[in-house]
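Here's the structure, in structure tokens; my notes come after.
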Amino acid sequence: MGSRWWVRGDIDGFFGLFVDNLLQLMLVVVLSGAVCGLPSSLVVGRILPGAALSVLFGNVFYAWQAKKTGKADATALPFGINTPTLLAFVFLVMGPVYQETKDPVLTWHVGLFACLTSGVFEAAGALVGDRLRRHTPRAALLSALAGIAITFISMGFVFQIFARPWVALFPVLVLLATYASGTRLPLGIPGGLAAIVAGTALAWTLRAIAPGLGATSLGVVQGVSLGFHPPVPVVGDAVALLASPRGYAYMAVILPMGLFNVVGSLQNLESAAAAGDFYETRPSLLVNGLATVVAALFGSAFPTTIYIGHPAWKAMGARRGYSVLNGIVVTIVCFTGAVPLVLSAVPIEATLGILLWVGLVIFAQAFQEVPRGHAIAVALGIVPSLAAWVLVEIEATLRAAGANLIDVVPRFGADMSIHGVIALSQGFLMTSMILSAVLVFVVEKEFLRAAGWTLGAAVLSMVGLIHAYDLTPAGVKNRFGLAAAPGFGAGYALGACFLAALHFLRPRSGRPDPVLPSAPP
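What follows is the structure, encoded as structure tokens:
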């Protein structure tokens, strides 16, 4: 039976997906300037049009894919800018480059390189995605993502919320109450939209009657007006760092995030299949990666991806039209330069609750979606992210005080263990995955597999992808080369030998011991 391009449920689906995408675009505008030092002309003239083209490309393809099934009730996979990767690239790749160089063009080039590399990795994942997933414990992937969620996504924004309670606190409570309870507001208004409207109304009211209390980010983007900003190919800029060590210095962030995107997309495909919509893995993942490549080649530093939540959109009654309409409206908003104008009216504080919710959901799922005995591995995998976040906060504080790490570190003393914080933060996503995977296999008494992951950590330490660093006046620098972090390499190698020995010493008969004691009722 044929299927229609538009049904009534597509209206609800469109508003839900568009509000989500609009929030990402607002974040791109605010964080690109505040953290990465990119001028508004670059953000509006290059990054947003490139992002829109990527979103449109993916939305149209996944709508066509749903249409191709011939099922009247097939719902297109939701698609848009990737929130965790956006924040990881801002705070862990582009932000550090700008803080070191104060060069916005170089910062943009590094972002384009990261986006392009991530897209190529995701497209390649279409060929090996299932195999990657089979050999990487779910706890290893989710714990690294949970670490980013609770630190770089949630904590900084929580502080902003409590620094602006007059504007930010009520919208957060509205959002948490509606999202956590699943309560539908009158007229079917999405909880996120209600929170944004409430925060905006509070900001403008307070600005009129008590400007001090209503101080927000209203009007933070200046000198930008409506116009026509079509996407422009920037292939030369996107590949400018392919032969430079500058881009590869951040592979310890880029590759794990690419792996997250591949596995996350696989999980979203499984979620769609469970809801009754089966889509082929290879074309779905291939287009997912190609859309990110399109973003980079047309100026955006921020990957796009298949979103979680397909069953929710299906339950709304959305089918194909919501996806196409979202792509069209996002394109119009970006090509006309309307996002900064939205920000001039809507305070970013009114939207922070959505980010907090995203962080909390990702963090909670890391524990909920793994076997009970693997929760301890998730907990261990979060630790490196905490170290990375603490280091960012320390560096920001020192910069505000006119100091830097190389001058202050000798005064920290042994009690602070600052060198441990720095070492653990270097390549923290890879370290998180490795430590969590090792503990999963130890819990399962698969000691040879645990030894293999530990030996991998030794190799990565010795070449400088994890733990290795140099302190310079500009901050912490990656140290690459042979024997980059020999102490860690030796420690992991000895650990691998010990785990291998446990495998051969383990009795081959008898009932296995319980992996973990049961929690008290």
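All residue numbers for the sequence shown refer to my numbering, where the first residue is 6 and numbers rise by one. Even glycine gets a Cβ: it sits at the ideal position worked out from N, Cα and C.
Would you kindly report the start and end of the unbroken alpha helix (DSSP H) that includes G425? I423 to S430
For F233, is the classification buried or exposed, using 16 other Cβ atoms within 10 angstroms of its Cβ as the cut-off for buried? exposed
Starting from Y255, trace the alpha helix (DSSP H) both ways and give me its first and last residue. Segment: none, Y255 is in no alpha helix (DSSP H) and carries neither H nor E.
What residues match up with T477 in a beta bridge as DSSP calls it? G480
Specify the secondary structure class of I86 as computed by DSSP and reduced to three states. strand
Mark A579 as exposed unless 16 or more other C-beta atoms lie within 10 angstroms of its C-beta, in which case mark it buried. Any answer about residue 579 is impossible in this case: the structure gives the chain only from 6 up to 526.
Go to I311, then tell me how far its beta strand (DSSP E) extends in each direction, as first and last residue. T309 to I311
As assigned by DSSP and simplified to three states, the class of I471: coil
Hey, could you find the ends of the alpha helix (DSSP H) C339 is sitting in? G326 to F340
Does the Cβ-Cβ distance between V464 and A455 come in under 8 Å? no
Per DSSP, what kind of secondary structure is N409 in: helix, strand or coil? coil
Going along the chain, which residues of its own chain have a beta-carbon closer than 8 Å to the beta-carbon of F446, five neighbours each way excluded? P142, F452, R454, A455 and W458
L247 to A428 span [Cα, whole Å]: 27 Å
Proximity of V33 and A56 at Cβ, strictly below 8 Å: yes
For G386 versus M435, is the C-beta spacing smaller than 8 Å? no
Determine contact between the region 460 to 474 and the region 167 to 185, defined as no fewer than three beta-carbon pairs at a distance below 8 Å. no
Enclosing alpha helix (DSSP H) for V38 [first to last residue]: Per the sequence shown, the amino acid found at residue 38 is Gly instead of Val. G14 to A39 is the span of the alpha helix (DSSP H), which, as asked, contains G38.
Rounded straight-line distance, which links the Cα of R511 to that of Y312: 43 Å
C-alpha gap between G21 and L192, whole angstroms: 14 Å
Measuring straight from C-alpha to C-alpha, what distance separates G130 and G124? 10 Å
Round the Cβ separation of A128 and L295 to the nearest angstrom and send it over; I've been treating them as touching at under 8 Å. 6 Å
Can you tell me which of the three DSSP states K107 falls into? coil
Cβ-Cβ distance between T90 and G42 below 8 Å: no
Given a cut-off of 8 Å on the beta-carbon distance, is the pair V267 and L291 in contact? no
Could you spell out the range, first to last residue, of the alpha helix (DSSP H) harbouring I359? L357 to Q373
Can you have a look at L231 and say buried or exposed, based on whether 16 or more other CB atoms are within 10 angstroms of its CB? exposed
Start-end ranges of the alpha helix (DSSP H) lying completely within the region 276 to 302, minimum 4 residues: 286 to 302
Buried versus exposed, by CB contacts within 10 Å (16 or more), F23: buried
Between Y103 and the rest of its own chain, which residues show a CB-CB distance below 6 Å, the 5 nearest in sequence each way excluded? C41, G42 and T112
Look at the Cβ atom of M31, then the Cβ atom of I353, and state whether they are nearer than 8 Å. yes
Local Cβ density within 10 Å of F164, reported as buried at 16 or more and exposed below that: exposed
Just the C-alpha distance for V335 and A495, rounded to the nearest angstrom, thanks. 51 Å
Is the CB-CB distance between R324 and V12 below 8 Å? yes
Beta-carbon within less than 6 Å of H472's beta-carbon, same chain only, minus the 5 sequence neighbours each way: which residues are those? A428, Q431, S466, A490 and F493
Reference S349, options L302, W209, V237 and A392, closest by Cα: W209
Can you tell which of D78, L360 and V481 has its C-alpha closest to the C-alpha of L410? V481
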